[in-house]
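A.B. asks:
Protein chains: 2
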Amino acid sequence: MDDAAPMGLSPAVPTGSDTGPTTALLTDQYELTMLRAALADGTAHRRAVFEVFARRLPHGRRYGVVAGTGRLLDALERFRFDEETVAFLRRRGIVDDATADWLRDYRFRGNMWGYAEGECYFPGSPILVVEGTFAEAVLLETLALSIYNHDSAIASAASRMTAAAGSRPIVEMGSRRTHESAAVAAARAAYVAGFASTSNLAAGRCYDLPTGGTSAHAFTLLHDSEEEAFAAQVAALGMGTTLLVDTYGVREAVRTAVEVAGPGLGAVRIDSGDLAVLAHDVRAELDALGATDTRILVSGDLDEYAIASLVAAPVDRYGVGTALVVGSGHPTAELVYKLVARSVGTEPDSPMEGVAKLSTGKPTHKGRKWAHRRLEDGTAVAEVVGTHPECTVDGCRPLLVPLVTEGKIVGREPIAAARERHLRSRAELPPTALKLSRGEPVLPTTYDDGEHAGHTGQLEQTGHTRGEGGAR
Amino acid sequence: MDDAAPMGLSPAVPTGSDTGPTTALLTDQYELTMLRAALADGTAHRRAVFEVFARRLPHGRRYGVVAGTGRLLDALERFRFDEETVAFLRRRGIVDDATADWLRDYRFRGNMWGYAEGECYFPGSPILVVEGTFAEAVLLETLALSIYNHDSAIASAASRMTAAAGSRPIVEMGSRRTHESAAVAAARAAYVAGFASTSNLAAGRCYDLPTGGTSAHAFTLLHDSEEEAFAAQVAALGMGTTLLVDTYGVREAVRTAVEVAGPGLGAVRIDSGDLAVLAHDVRAELDALGATDTRILVSGDLDEYAIASLVAAPVDRYGVGTALVVGSGHPTAELVYKLVARSVGTEPDSPMEGVAKLSTGKPTHKGRKWAHRRLEDGTAVAEVVGTHPECTVDGCRPLLVPLVTEGKIVGREPIAAARERHLRSRAELPPTALKLSRGEPVLPTTYDDGEHAGHTGQLEQTGHTRGEGGAR
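Chains A and B supply the protein sequences, listed in that same order. For the record, in the first sequence the residue sitting at position 327 is 327 according to full-length UniProt numbering, with numbers rising by one throughout. For the record, in the second sequence the residue sitting at position 388 is 388 according to full-length UniProt numbering, with numbers rising by one throughout.
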């Protein structure tokens, strides 16, 4: 786990560096108290498999998008109990001396597999599989969930927006509406799901994302007239800049903008009003003024539905803020981290046993899982989840890739790879996946469970809604 | 701005230290490009007043809660353009040499006033007033909004939950459902709004909050039997611990718990099922076993409505997760940061002029504002917002307190002060404030605007809903 991660250094979310602040306390207290009790009775050293999965998608969503994988690997590298951290836990009485000693030496030395970042997922998809001793794996629950729940929620919403926008680029500009560090991660997740750029400079620096942004209404109001404001902006940023034209009257502003910048003006932005009507008016005005190549950027409370409603409007680019960072109504992916198997004893050859909570309404399938996507003629038709590495069904591609092998991070990749993967993964889904209306997940999750169906290829199909899956 | 802030050091969100990572890029790019253009034409040096306010409360909410003030002051102290940061901006072509030079020397040297943290707020409340040159104030837009929008959304939801819970404590346990750094801030905001403790260890360390948490279902499943799991937990954590009793059957688990720990068992936790029914069953079972002092903690998708529905159930404590960190349906406060006044020229005695965007649907009142809460017989009856420091109406208490004076942070306070203030501020509201049903803000915001009504005390009352306020 000492690979260098040449991804730059974020001021808010330092990544890829072992010297950054520890992530070890981004953790719920019970992980430490469970560790303490399990170290005391020896069960901490049983081998364990935890899985991250969604029991259901947010209501009406047809697919989810995995994001956060790269961030988890960065955070894992910095998950260390340094002296100050251990001292805090001792001072609070959360851990005893034996646990403190164990924590000082803590490195995750187990294995992780996961859906590659950008991949689509469905209820029951084992997005992340964590294998190690109970002690080393239980500590990662909160950190893994926080990262995946946030980033996947944002990417899942973002993917609907980029699907609705088609070939028109979307600029992410939601930083102000969410926590300042969540904003950086949101910009990254949006990029994975196909956004073109972000206004967030920390994201630009940390993840080498394209950034954009030119001016706000305050800049116009600062000046004595709109004309002076536009002239100042063009003088400083060139005529390729984007002028904001809705501080006073839009049509007059467009005329002023072209007078000031000339017909080579890069773009105008409309941030309020009836965007469809205004876009038509502004396009006509720009064309009449000879500014036929000047682009129109619209923003202002856009979500995937508003984007879709503008499909016939002469809009060149969208700016999306609030709806993106709040996951368009679903700010968390509601993924869970569950123990699905553990060894009977602590000896290296002690057999593994599948485990699950028995409570109603929360289906959990026992045993460590593998996942495949079944395709017919290039179109995905089912998620096949089973307790064996090989899929017994024809036409399946494997979904789990190695992320960490015996403590060594092996799953890092450029963010562009995740972005390209997402577009491929989405394109492979049935066309109904891209409908914005509420619906069922477009792929059923079928369980190819060795304990029940054997290797016969006979599949059990579980329902899509909560409770139907049933606990075994 | 070099006051020491003895609040500990967070691994995720270092605070109170000038040596931590800079916050300067937690910023939208347009703030830098506006700065660049305004430095070039000299308008950057005009004095300016920006205000943070809500155009409206989230639909149906009766009051909002200000949170994030302390975090903003910490972040402001670390808002510095170091060489690496400037180099990034130059490399990307976002700033020119003159702007880069200006940024290297940047310190906020202006003034800030704000609603004290924990105070209730209403549409139009000037939660934060930032006064400085345009250049120094425009840079803080995104950072200020990110912090206030997140923290106030969480505190506003949390306050409804603590109001519904009455004297029963609530434990915050939502970290896993939100971004890992947002989780730390959410725990802090929840505490401001009256939560008793948090499961988040980084929040415990960074803000010295009480923390709690003992075990998850995984701990029971790790063991060969529930009895062994309970015995291990009691052996390690003492009989005052909280045992989780819904991994298999709740009633059997309660009997096992008391057998293992004795009737002095601290508490049991129920995390699924029909909590009201189960709480009654568990209470009866505990009492029958002589464990009359054993408390019952319930958790599992609780929000303010679920808490209220459990008022008659024998529940001692609540654990709230997802609903808290997503703001119970409103994850952002939708606060805005608007230029409301700027000087006509750049000379020190140049007069100030109120400014506002003219577009429809987004009411903005011109001019720097002061805010007071008008009380009758100890009950708040109106928010009085005016363009003069003194309120012309009887029975008003001032709401703006100094936070930064000529660049020096003067508004720091212990988080306990904000927490106590919130309880006082909420208690002062009309009783309908605590109704959970959808309603209008319980206080009207009245404008005592020197430009229009003069000092006559004649007030204009604006509507509560979007658009009714009207732009002037």
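Idealized CB from N, CA, C, for every residue including glycine.
Suppose you measure from the CA of TYR121/A to the CA of PRO331/A; what does that come to, to the nearest Å?
C.D. replies: The straight-line gap from Cα to Cα measures roughly 17 Å.
A.B. asks: According to DSSP, ALA48/B sits in a beta bridge with which residue or residues?
C.D. replies: Answer is GLY132/B, ARG342/B.
A.B. asks: Considering Cα atoms alone, identify which of THR379/B, ALA380/B, VAL381/B, PRO398/B is closest to HIS388/B.
C.D. replies: It is PRO398/B whose Cα lies nearest to the Cα of HIS388/B.
A.B. asks: Check the Cβ of LEU302/B against every Cβ in chain E and list those closer than 9 Å, keeping chain order.
C.D. replies: Structure shown: chain E not included; protein chains present are A and B.
A.B. asks: If we ignore side chains and look at the alpha-carbon of each, how far apart do GLY132/A and GLU406/A end up?
C.D. replies: So the alpha carbons of these two residues sit roughly 9 Å apart.
A.B. asks: So, helix, strand or coil for MET161/B, using DSSP?
C.D. replies: DSSP places MET161/B in helix when its eight states are reduced to three.
A.B. asks: Taking the alpha carbon of ALA232/B as the point to measure from, which residue in GLY213/B, VAL260/B, GLY290/B has its own alpha carbon closest?
C.D. replies: Closest option to ALA232/B, Cα to Cα, is VAL260/B.
A.B. asks: What do you reckon, are the CB atoms on ALA229/B and THR220/B nearer than 8 Å?
C.D. replies: Cβ atoms of ALA229/B and THR220/B: closer than 8 Å.
A.B. asks: Using a C-beta cutoff of 8 Å, does GLU77/A count as contacting chain B?
C.D. replies: Chain B contact via Cβ: absent.
A.B. asks: Quick check on DSSP: helix, strand or coil for ARG36/A?
C.D. replies: In the structure shown, ARG36/A sits in a helix (DSSP, three-state: H, G or I).
A.B. asks: Throw me the rounded Cβ distance for the PRO178/A and SER146/B pair, which I believe falls under 8 Å.
C.D. replies: Looking at the sequence shown, residue 178/A is not Pro but Thr. Right, their Cβ atoms sit about 6 Å apart.
A.B. asks: Could you round the C-beta distance between ARG62/B and ALA416/B to whole angstroms and report it? I think they count as a contact, below 8 Å.
C.D. replies: Not a contact, Cβ separation roughly 26 Å.
A.B. asks: Expressed to the nearest angstrom, what Euclidean distance is found between the alpha-carbon atoms of HIS217/B and THR379/A?
C.D. replies: Between HIS217/B and THR379/A, the C-alpha separation is close to 38 Å.
A.B. asks: Mind pulling the chain A residues with CB within less than 7 Å of SER199/B?
C.D. replies: What SER199/B touches in chain A: ASP28, GLN29, TYR30.
A.B. asks: Whole angstroms are fine: how far does the CA of GLU440/B sit from the CA of ARG78/A?
C.D. replies: Approximately 47 Å between the Cα atoms of the pair.
A.B. asks: Contact between the region 301-313 of chain B and the region 270-279 of chain B is defined here as three or more beta-carbon pairs at a separation below 8 Å; is this criterion met?
C.D. replies: Touching, yes.
A.B. asks: Give the residues from the region 97-120 of chain B that approach chain A closer than 8 Å (Cβ to any Cβ), ordered along the chain.
C.D. replies: Correct list: empty, as no residue qualifies.
A.B. asks: Which runs of the beta strand (DSSP E), 3 residues or longer, sit entirely within the region 275-312 of chain A?
C.D. replies: 295-298, all fully within the region 275-312 of chain A.
A.B. asks: Check distances from the C-beta atoms of the region 118-147 of chain A to those of chain B and list, in chain order, the residues that come in under 8 Å.
C.D. replies: Per Cβ criterion, the list reads PHE134, VAL138, GLU141, THR142, LEU143, LEU145, SER146, ILE147.
A.B. asks: What does VAL326/A reach in chain B if we use C-beta pairs closer than 7 Å?
C.D. replies: Result: PRO331, THR332.
A.B. asks: Taking the Cβ atom as the reference point for each residue, do PHE50/A and LYS338/A lie within a distance shorter than 8 Å?
C.D. replies: Against a cut-off of 8 Å, the Cβ pair of LYS338/A and PHE50/A comes out as a contact.
A.B. asks: Considering Cα atoms alone, identify which of GLN29/B, ALA312/B, ALA155/B is closest to GLY204/A.
C.D. replies: Taking only the C-alpha atoms, the option nearest GLY204/A is GLN29/B.
A.B. asks: Measure the C-alpha to C-alpha separation of GLU140/B and GLU83/B and round it to an integer number of angstroms.
C.D. replies: According to the sequence displayed, residue 140/B carries Leu and not Glu. Their Cα atoms are separated by approximately 19 Å.
A.B. asks: In angstroms, rounded to a whole number, what distance separates the CA positions of VAL234/A and GLY240/A?
C.D. replies: In a straight line, the C-alpha of VAL234/A is about 8 Å away from that of GLY240/A.
A.B. asks: Give the straight-line distance between the Cα atoms of ALA98/A and ARG90/A, rounded to the nearest whole angstrom.
C.D. replies: Cα to Cα, ALA98/A sits roughly 11 Å from ARG90/A.
A.B. asks: So is ALA427/B buried or exposed if we call it buried at 16+ other beta carbons inside 10 Å?
C.D. replies: Classification for ALA427/B: exposed.
A.B. asks: Is GLY114/A helix, strand or coil when you go by DSSP?
C.D. replies: The answer is strand: DSSP assigns GLY114/A an E or B state.
A.B. asks: Measuring only the C-alpha atoms, how far is THR27/B from ALA202/A?
C.D. replies: Distance between the alpha carbons of THR27/B and ALA202/A: 7 Å.
A.B. asks: With 16 as the cutoff for other CB atoms within 10 Å, does ASP101/B come out buried or exposed?
C.D. replies: Looking at its Cβ environment, which holds fewer than 16 other Cβ atoms inside 10 Å, ASP101/B is exposed.
A.B. asks: Using a Cβ-Cβ cut-off of 8 Å, state whether ARG419/A counts as contacting chain B.
C.D. replies: ARG419/A does not count as touching chain B.
A.B. asks: For ASP293/B, is the classification buried or exposed, using 16 other Cβ atoms within 10 angstroms of its Cβ as the cut-off for buried?
C.D. replies: Result: exposed.
A.B. asks: Just tell me which of LEU400/A, GLY329/A, ARG36/A has its CA closest to the CA of ARG438/A.
C.D. replies: Looking at the Cα atoms, GLY329/A is the closest of the given residues.
A.B. asks: Grouping DSSP H, G and I as helix and E and B as strand, with all else coil, what is LEU423/A?
C.D. replies: The answer is helix: DSSP assigns LEU423/A an H, G or I state.
A.B. asks: Note the first and the last residue of the continuous beta strand (DSSP E) segment covering TYR318/B.
C.D. replies: Note, TYR318/B: beta strand (DSSP E), 317-320.
A.B. asks: Who are ALA75/A's beta bridge partners in DSSP?
C.D. replies: Paired residue(s): none; ALA75/A is not in a bridge.
A.B. asks: Spell out the partners DSSP gives CYS396/A in its beta bridges.
C.D. replies: Note: CYS396/A sits in a beta bridge opposite ARG374/A.
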